[in-house]
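Going by this note's numbering, the first residue of the sequence shown is number 4, and it counts up by one from there. Below: one structure, written as structure tokens.
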Amino acid sequence: MGTFVDKAFTPLLLECTRLLEYLASITPGFTKVQKVLNSVKFEGDDYPSIPGSVKSVALTAVLHAMAGIVGQEISEMKGQKTGQITVNTDQVGLWLETPMLVFVNGKGAAELIKSGEIASILPITDKGIFDSPLRYRGWAMYQTKTPNTWYQIHTSLTPAPVFKALGIDPDAPGIKTKDQAYAHIQDVIRKYTARELEMIHREIGACGVTCYTPRTWKETSMGQSLARHPLINYEKQNYVPETPPVPFSTSNDKRPLAGVKVVGLARVIAAPALCAGLAAFGADVVRVMSPHMPDVS
Numbered sequence: 004m005g006t007f008v009d010k011a012f013t014p015l016l017l018e019c020t021r022l023l024e025y026l027a028s029i030t031p032g033f034t035k036v037q038k039v040l041n042s043v044k045f046e047g048d049d050y051p052s053i054p055g056s057v058k059s060v061a062l063t064a065v066l067h068a069m070a071g072i073v074g075q076e077i078s079e080m081k082g083q084k085t086g087q088i089t090v091n092t093d094q095v096g097l098w099l100e101t102p103m104l105v106f107v108n109g110k111g112a113a114e115l116i117k118s119g120e121i122a123s124i125l126p127i128t129d130k131g132i133f134d135s136p137l138r139y140r141g142w143a144m145y146q147t148k149t150p151n152t153w154y155q156i157h158t159s160l161t162p163a164p165v166f167k168a169l170g171i172d173p174d175a176p177g178i179k180t181k182d183q184a185y186a187h188i189q190d191v192i193r194k195y196t197a198r199e200l201e202m203i204h205r206e207i208g209a210c211g212v213t214c215y216t217p218r219t220w221k222e223t224s225m226g227q228s229l230a231r232h233p234l235i236n237y238e239k240q241n242y243v244p245e246t247p248p249v250p251f252s253t254s255n256d257k258r259p260l261a262g263v264k265v266v267g268l269a270r271v272i273a274a275p276a277l278c279a280g281l282a283a284f285g286a287d288v289v290r291v292m293s294p295h296m297p298d299v300s
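Structure (structure tokens):
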């Protein structure tokens with residue numbers, strides 16, 4: 004988060020409580036009532052389910068808690084009794100793997116993929132972007148020619164242009180494993196400085212970023228600009244006519260967003276995950292997908 008440096012081990016649940024209070028304090032319009040914040044219960048292991056220096060598990064758990072609080076407020080506005088907000092940190096930390104937790108007719112996702120049955124249930128939308136170890140390792144961090152500096156390449160959904168710009172054959176023969184693929188890409192990336200990699204990616208309009216330390220990130224213009232904004236923000240848009248308030252619908256579905264309709268015109272991770280969250284809160288979500296564009300969600 005850039006707001007707190009651990010000098011000793013902090014159990015995950017305690018860190019979630021700290022982050023919830025911090026994000027509540029800097030988020031416009033979000034409740035600052037301590038009783039409400041204290042009512043949220045975090046449960047799970049003291050250690051994150053996905054280890055790392057970035058507190059992704061704690062942050063994800065807290066964002067779930069904040070969504071729960073907003074849902075609770077909506078339910079109370081509708082005159083409905085609400086219950087305990089409980090967030091399991093072990094589960095929310097694995098949100099990116101939720102597609103693999105799906106069961107259809109008693110069969111898990113891995114079994115459905117192995118048997119080929121998944122093709123008859125869901126459209127295959129990734130269009131082969133992960134079909135080889137080399138393409139799979141197109142999303143990873145690599146050491147650069149710049150001392151003590153790593154670079155995150157992100158070949159995204161079209162690996163070939165990025166690989167070619169870096170001088171890597173996207174279909175290089177003889178690479179059978181992901182470890183071999185990583186080593187092959189690392190040998191090439193190590194020839195470039197971080198700045199050279201930034202320029203290569205900028206010229207072809209591709210994703211990629213130098214991996215900064217907290218100190219060096221704060222020294223960049225982007226880091227300084229983002230520091231002026233809260234993590235979660237919104238503002239009223241005045242360039243469109245105001246619409247009158249719409250009353251909440253009434254139904255037997257007591258979830259806070261029951262009766263709300265959402266059209267999802269997005270792909271990959273962030274927006275589909277958001278739409279899934281809205282659906283969990285009761286919204287009717289219609290997702291529109293292009294048959295011609297790859298998608299991994």
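Quick reminder that beta carbons are idealized off the backbone N, C-alpha and C, glycines included.
Given a threshold of 16 other Cβ atoms within 10 Å of its Cβ, counted over all protein chains shown, does residue i qualify as buried or as exposed?
i      : result
GLY32  : exposed
PRO14  : exposed
SER78  : buried
GLU18  : buried
GLY86  : exposed
PHE12  : exposed
THR63  : buried
PRO247 : exposed
TYR145 : buried
ILE124 : exposed
ILE188 : buried
MET69  : buried
VAL90  : buried
For residue i and residue j, what's the separation of their Cα atoms in angstroms?
i      : j      : result
MET4   : ALA186 : Summary for MET4: the model assigns pLDDT 42, below 50, so the residue's position carries little reliability; its value from the coordinates is reported in the next sentence. Their backbone Cα atoms lie some 31 Å apart in a straight line.
TRP142 : SER224 : 25 Å
GLN183 : GLY170 : 17 Å
TYR215 : LYS58  : 16 Å
THR161 : ASP298 : 11 Å
HIS67  : VAL95  : 8 Å
GLY262 : MET80  : 15 Å
THR92  : PRO54  : 12 Å
GLU206 : ALA168 : 9 Å
TYR237 : GLY47  : 31 Å
GLU245 : VAL266 : 21 Å
GLN240 : VAL107 : 43 Å
ALA230 : LYS38  : 28 Å
PRO294 : THR20  : 43 Å
ASP190 : ASN41  : 51 Å
LYS10  : GLY109 : 46 Å
LYS302 : ASP134 : Because the chain is modelled from 4 through 300, residue 302 falls outside the range shown and cannot be assessed.
SER228 : LYS257 : 41 Å
ALA279 : THR149 : 41 Å
TYR50  : VAL105 : 25 Å
GLY119 : PRO217 : 45 Å
VAL249 : THR34  : 23 Å
Is the CB-CB distance between residue i and residue j below 7 Å?
i      : j      : result
VAL288 : LEU281 : yes
THR158 : ALA197 : no
TYR139 : LEU200 : no
LEU26  : PHE45  : no
PRO173 : ALA163 : yes
VAL324 : LEU23  : Because the chain spans 4 through 300 in this model, residue 324 falls outside it and cannot be assessed.
ALA209 : VAL271 : no
SER52  : VAL60  : yes
Kindly list the residues whose CB is nearer than 6 Å to the CB of residue i, restricted to its own chain and excluding five residues on each side of it in sequence; keep chain order.
i      : result
LEU268 : VAL291
HIS204 : GLY211
GLY71  : ILE88
LYS84  : none
LYS264 : ASP287
VAL36  : none
THR213 : TYR154 and ALA197
SER252 : GLY262
ILE156 : GLY211
TRP220 : GLY226
Please go through the same chain and pick out, in chain order, the residues whose beta-carbon is closer than 7 Å to the beta-carbon of residue i, but skip the five residues on each side of it.
i      : result
THR147 : TRP153, TYR154, ILE192, ARG193, TYR195, THR196, ALA197 and LEU200
PRO259 : GLY74, ILE77, SER78, PHE284 and GLY285
SER274 : Correcting the residue type first, residue 274 is Ala in the shown sequence and not Ser. Cβ within range, chain order: GLY267.
ASN296 : A small fix is needed here, since residue 296 is Met in this sequence, not Asn. Cβ within range, chain order: ARG270.
Can you find the residues in the same chain that come closer than 8 Å, C-beta to C-beta, to residue i, ignoring five residues on each side of it along the sequence?
i      : result
LYS179 : PRO136
ILE29  : PRO233 and LEU234
What residues are listed by DSSP as bridge partners for residue i?
i      : result
CYS19  : In DSSP, CYS19 forms no bridge with anything.
TYR237 : According to DSSP, TYR237 bridges with nothing at all.
TYR154 : TYR145 and THR213
VAL288 : VAL265
PHE106 : GLY111
GLY44  : The question names Gly, but residue 44 is Lys in the sequence shown. For LYS44, which the question treats as bridged, DSSP gives the partners THR89.
Taking CB distances under 7 Å as the criterion, tell me whether residue i reaches chain C.
i      : result
ILE272 : This model lacks chain C altogether, as it is built from one protein chain only.
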